[in-house]
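Enquirer:
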Amino acid sequence: MQINYRQTYQERISNAYREGQYRLFGKKCTDVDVLIYHNHIFIISKDESETSSRITIRGRRIDPALNEMKQIEYDTYMKSTLSQITGCNVVCCQFNIIFSNGLIMDIYCMDGKLDHP
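Note that the sequence shown covers residues 11 to 127 in this note's numbering.
(1) Could you check which residue in 89, 26, 75 has the C-alpha nearest to that of residue 6?
(2) Which residue wins for smallest C-alpha separation from residue 40, given the options 107, 113, 17?
(3) Confirm, please, whether the CB-CB distance from residue 116 to residue 53 is below 9 Å.
(4) Please look up how many angstroms separate the CB atoms of residue 109 and residue 80, rounded, as I've assumed it's under 8 Å.
(5) Among all the DSSP beta bridges, which residues are the ones paired with residue 56?
(6) Residue 106 by DSSP, collapsed to three states: which one?
(7) Rounded to whole angstroms, what's the CA-CA distance from residue 46 to residue 76? Just pull it up for me.
(8) Are residue 44 and residue 32 touching if we call contact CB-CB under 9 Å?
(9) Among 106, 98, 73, which has the Cα closest to the Cα of residue 49?
(10) Spell out the partners DSSP gives residue 98 in its beta bridges.
(11) Go ahead and label residue 51 buried or exposed: buried means 16 or more other beta carbons lie within 10 angstroms of its beta carbon, across all protein chains shown.
(12) If you draw a straight line from the C-alpha of residue 105 to the C-alpha of residue 22, how long is it?
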């Protein structure tokens, strides 16, 4: 029996992304795609900018410093989760690449190739 590692990785990474976005930013992402190419992971989702600008804690808007702290926590969460899922460490990453068509992309470069036999 052959296991499709790529599909398993994509599902688990997509679920981790959704959980991280919801837990830290209050965003409910329903449209998430994960692409894996050699040692790169691309996570593409819809732009939730209208909700992110209204994120509040107990009715108060989140200030930029708190938002930055949440982004650092999200960075740590995603790096550790991707390491657990793939068995490779994250070498570098780039978050929140926003495209004019309303998509957001996160890119992760891993220290090992993610294609298994």
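Quick reminder that beta carbons are idealized off the backbone N, C-alpha and C, glycines included.
Expert: Judging by the given coordinates:
(1) Nothing can be reported for residue 6: it is not among the residues displayed for the chain, which extend from 11 to 127.
(2) Start at 1 with the first residue of the sequence shown, and residue 40 comes out as number 30. Nearest of 107, 113, 17 to residue 40, Cα basis: 113.
(3) In the sequence shown, counting from the first residue as 1, residue 53 sits at position 43. In the sequence shown, counting from the first residue as 1, residue 116 sits at position 106. Contact: yes.
(4) Taking the first residue of the sequence shown as 1, we reach residue 109 at position 99. Taking the first residue of the sequence shown as 1, we reach residue 80 at position 70. With 8 Å as the limit, residue 109 and residue 80 do not qualify as a contact, their Cβ atoms being about 22 Å apart.
(5) By 1-based counting over the sequence shown, the position of residue 56 is 46. For residue 56, which the question treats as bridged, DSSP gives the partners 113.
(6) In the sequence shown, counting from the first residue as 1, residue 106 sits at position 96. Three-state result, residue 106: strand.
(7) In the sequence shown, residue 46 corresponds to position 36, counting from 1. In the sequence shown, residue 76 corresponds to position 66, counting from 1. Approximately 32 Å, taken between the alpha carbons.
(8) Position 34 of the sequence shown, counted from the first residue, corresponds to residue 44. Position 22 of the sequence shown, counted from the first residue, corresponds to residue 32. No.
(9) The sequence position of residue 49 within the sequence shown is 39, counting from 1. Checking every option, the nearest Cα to that of residue 49 belongs to 98.
(10) Position 88 of the sequence shown, counted from the start, is the residue given in the question as residue 98. According to DSSP, which records beta bridges pairwise, residue 98 is partnered with nothing at all.
(11) Here the question's residue 51 lines up with position 41 in the sequence shown. Classification for residue 51: buried.
(12) For the purposes of this step, residue 105 is taken as residue 95 along the sequence shown, with counting starting at 1. For the purposes of this step, residue 22 is taken as residue 12 along the sequence shown, with counting starting at 1. Going by the C-alpha atoms only, they are around 19 Å apart.
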